[in-house]
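Under this note's numbering, the very last position in the sequence shown is 553; numbers go up by exactly one each time.
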Amino acid sequence: MLSLKEKDRPIVGKLLCAGCCVRCVLRFCCVGTCSAYRRSYEDIHKELLAFISEESSPQPHDASGEEKTDEPPNKRLRIDEGSTEGSVTAAQTDSDICPVCLGVLQDFCDPTFAKQVSDAVKNQQYEFDSLVLTVSLPAQLSVREHSCWLHVKKEIREKSMCLGKEDVIQVKDAFKWAVQGKIGQELGAAVLANSSCEVSVGFMHPETEEDCHFLANTCPDCFKPTKNKASIFTRMAVVKALEKISEEKFSRHYPCPPKKTNTRCTALDTTCLHTSVFIAGRYNKFSRELPQTPWVIDGERRMEGSVEELIAAPLLSSFRADGFNFSSSGREDVDVRTLGNGRPFAVELLNPHRAKFNRTEIKQLQETINQSSDKIRVRDLQIVTREATSRMKEGEEEKTKTYSALIWTQKAIESTDLEFLANIKDLKIAQKTPLRVLHRRPLAVRPRLIHSMSSIYLDRHHFTLKLCTQAGTYIKEFVHGDFGRTKPNLCDLMKTNADILELDVESVDIDWPPAIPD
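Structure below.
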């Protein structure tokens, strides 16, 4: 049963006379039962005809006074003896194109189309156990919906009834109710309101594209050109204009009910999109000839390989992702090693076709990365949420980092010349953007802290400097001064020219991601 009520009779009759499809009739009767839209077109049509025949052709009663229900409905049923809009016939089927949904709720709600969508998803080889179905409709359907609503509104107003536009079931919802169960069954997946895997179905109807154009003249402030949109007639802009335009002005520019068309909607290619998967871990870099990211200068690649590529390549392959974004807690120069527990990093894998891995598989993936090169090593590899990755950047400049540097001095030194360094605590320095990064960083003076220093004497011109600093400190510039752009610097403190020969990151003191026991 379709759960229709007495007040729906005039609406059913008026919409069928206007050539609307049976599912659009249900929508305007505010039938919110999902199962009603899943029924075949023919079954719904027969029940609607039987429903309106109850009024136009009263049934005889038997001796007990009960209505006989075994009589078939009249083959031709006139809704209103005085109507000039025509009649509803039992022969009216889905061969006529609905002027409201333009065939979306006629031709695309059957098992054949559901299988077509499912096959398209299977061909893209995604792995998932649930999905959300999204639907994109031509903007002009909103105009036709508004026109039909005004048409019905006039009829029920004469009968002292009302029908709010917000009460009408949306085409998009009716379509989902009709097909998503079939699609889910074909794919063996639950169809939910929210899911990490999105299956998108879209429609177009070139014949009626100009339906919206009159709105640009009546409500010009609703249609603004945007860089990312090919047309100003977006669904949101059209809906906004329809909310603004008066019923009288709309009726002057557009027919109510909407005119019939010669063509149906065309289905666009079914697309799939999986939300990003985030992988976190820590990496060590053992090479002084490996950049963190691809090193490209003036469009030319200078060095082969990078940390992010060595990590991302196995991830892309295993997750079958379309691309990736790499981020980390700071970065080291190409000639700097990262030792100790390593540097925290996160990789966003874009549109992964496989998203679920157990701990054993992730551990195997970590080993694959580590065996691919002796230049890096990864630890604590794990799947994390998008929200968790923000912890890597939170309060980044308040974190500390520990370094070990091989220092050369122009002046000959003794071990006693280094003893004063251990007494310096929380040295405040000012660092103007280094010359070597000025092409990619804004010019600014950044205050930084050198929390502590210690030294190991090597010979008369070399020593090892251990530093614990505020994250974001440029260590090389603190040592050689960068032509006075960092003040004070080690040269000032030692009263001799000094330079840095080798630099290692010993630790990045961020408690993320969580350590994973071996």
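Yeah, the Cβ is synthetic: ideal placement off N, Cα and C, and Gly gets one too.
If you check the beta carbons only, do residue i and residue j fall under 9 Å apart?
i	j	result
V167	L227	yes
T403	P349	yes
V543	P326	no
S235	C136	no
I411	S322	yes
Q445	H388	no
G237	A155	no
E431	S364	yes
C257	K284	no
L478	K467	yes
I551	R426	no
G138	C232	no
Pick from the options: whose alpha carbon is nearest that of residue i?
i	options	result
A506	I332, E429, P134, P241	E429
C144	C300, K40, S490	C300
E201	V480, F63, N458	F63
L416	E89, I510, D553, K467	D553
L462	L528, P134, R287, G138	L528
L37	N297, A149, C503, V66	V66
E278	W184, L39, Q215, Q160	W184
V371	A440, C526, R58	A440
T253	C232, Y289, A225	Y289
V540	N458, R483, D368, A479	D368
E422	R44, W330, P548, S177	P548
T310	A225, S408, S165	S165
Q220	R366, Q151, I535	Q151
D534	I551, D546, T499	T499
L176	I191, Q205, A251, G199	Q205
Can you tell me whether residue i is buried or exposed, with buried defined as 16 or more other CB within 10 angstroms of its CB?
i	result
F163	buried
H80	buried
N524	buried
E282	exposed
P260	exposed
T424	buried
R111	Low confidence applies to R111: its pLDDT is 34, below 50, so where it sits in the model is not reliable enough to give any reading.
L222	buried
K436	buried
T420	exposed
F455	exposed
I332	exposed
F518	exposed
K217	buried
H240	buried
G54	buried
M338	exposed
H474	exposed
S153	buried
P134	buried
P45	buried
S182	buried
I545	buried
S266	exposed
Look up residue i in the DSSP assignment and say whether it is helix, strand or coil.
i	result
V543	strand
G377	strand
R372	strand
C183	helix
D517	coil
K42	helix
F86	helix
E449	coil
A302	strand
F359	strand
W212	helix
T504	strand
D332	The sequence shown places Ile at residue 332, rather than the Asp named in the question. In this structure, I332 counts as strand in the three-state DSSP scheme.
V152	helix
H474	coil
D494	strand
A550	coil
R317	strand
L140	helix
F249	helix
I459	coil
D534	strand
Could you check whether the Cβ of residue i sits closer than 8 Å to any heavy atom belonging to the ligand SAH?
i	result
T68	Among the components modelled here there is no ligand, and therefore nothing to report on the ligand SAH.
(request) Could you say if the segment 381 to 390 and the segment 279 to 298 meet the contact criterion of at least three C-beta pairs nearer than 8 Å? (result) no
(request) Examine the Cβ distances between the segment 314 to 323 and the segment 369 to 378 and report whether three or more of them are shorter than 8 Å. (result) yes
(message) Quick check: the segment 402 to 417 against the segment 340 to 347, are at least 3 beta-carbon pairs closer than 8 Å?
(response) A contact exists between the segment 340 to 347 and the segment 402 to 417.
(message) When you compare the segment 507 to 526 with the segment 446 to 453, are there three or more beta-carbon pairs, one atom per stretch, that lie closer than 8 Å?
(response) Too few Cβ pairs lie closer than 8 Å, so no.
(message) Quick test of the definition: if touching needs 3 or more C-beta pairs under 8 Å, does the segment 268 to 276 touch the segment 171 to 190?
(response) yes
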